[in-house]
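Residue numbers (full-length UniProt numbering): 1 to 217. To start, the structure under review is shown below, and the notes come after it.
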Ligand SMILES: [Zn+2]
């Protein structure tokens with residue numbers, strides 16, 4: 001059993017790459033959100049604690065997240081890809097302690113790097129269909145609608161989401177970097193850390209990541 005970790009900012013395409021990689025390499029895809037929902041629906045003790053925290057509008061703390069993840073890992077036997085975990089330095093450190101106690105080795109830490117200016121353009125140039133039942137997403141540069149301002153699917157008008165502006169993006173990035181940068185620094189320089197150029201087309205990123213796994217095999 002090996003644990004691989006995928007790192008990347010929101011909008012880096014991490015989720016898409018995770019899905020493609022797990023299919024190709026038969027990995028078990030574990031995202032914190034899925035683990036959380038699973039534990040809540042099974043009504044485990046720690047799941048109930050997480051549910052109570054969420055119900056009161058609080059963030060689920062590191063110890064609870066770690067507990068959920070470790071309980072889940074004990075029920076898995078194949079190689080795992082984490083997507084969105086660890087999110088903080090504390091989670092990363094606890095994960096390492098747990099892995100060494102279980103004799104599980106850390107595989108790749110793949111960091112999908114996209115410059116902030118590119119992430120910002122992805123957000124600011126995004127248009128969404130105003131029909132909530134449709135929700136199609138467009139991009140003024142990379143995925144233009146056939147007719148300007150009109151959804152290809154349902155012909156409703158397109159709009160900008162309020163959160164898709166530079167100011168909101170920048171304040172989200174400031175918050176994100178506060179926890180991400182110490183996490184990234186923790187993994188950088190490790191022999192199994194790989195930074196992947198997230199500015200390439202999704203197919204090229206996928207191929208680059210697969211190559212890493214080929215090298216190792
Ligand atoms: Zn539409």
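Glycine included, every Cβ here is placed at the ideal spot set by N, Cα and C.
### Query
Quick one, which of 136, 182 and 192 has its alpha-carbon nearest residue 161's?
136
### Query
Using CA coordinates, which residue listed in 173, 209 and 175 is at the minimum distance from residue 22?
209
### Query
Taking contact to mean at least 3 C-beta pairs separated by less than 8 Å, is the region 100-107 in contact with the region 164-182?
no
### Task
Work out the CA separation of residue 98 and residue 224 for me, nearest whole Å.
Residue 224 falls outside the range modelled here, since the chain spans only 1 to 217, and no answer is possible.
### Message
If the criterion is Cβ atoms closer than 8 Å, does the pair residue 19 and residue 6 meet it?
### Response
no
### Counterpart residues of residue 194 in DSSP-defined beta bridges
110
### Task
Measure the alpha-carbon distance for residue 189 versus residue 64 and round it to whole angstroms.
29 Å
### Residues sharing a beta bridge with residue 139, DSSP
126 and 143
### Message
Quick test of the definition: if touching needs 3 or more C-beta pairs under 8 Å, does the region 143-150 touch the region 49-57?
### Response
no
### Opening and closing residue of the alpha helix (DSSP H) in which residue 104 lies
Where residue 104 is concerned, there is no enclosing alpha helix (DSSP H), given that its DSSP letter is neither H nor E.
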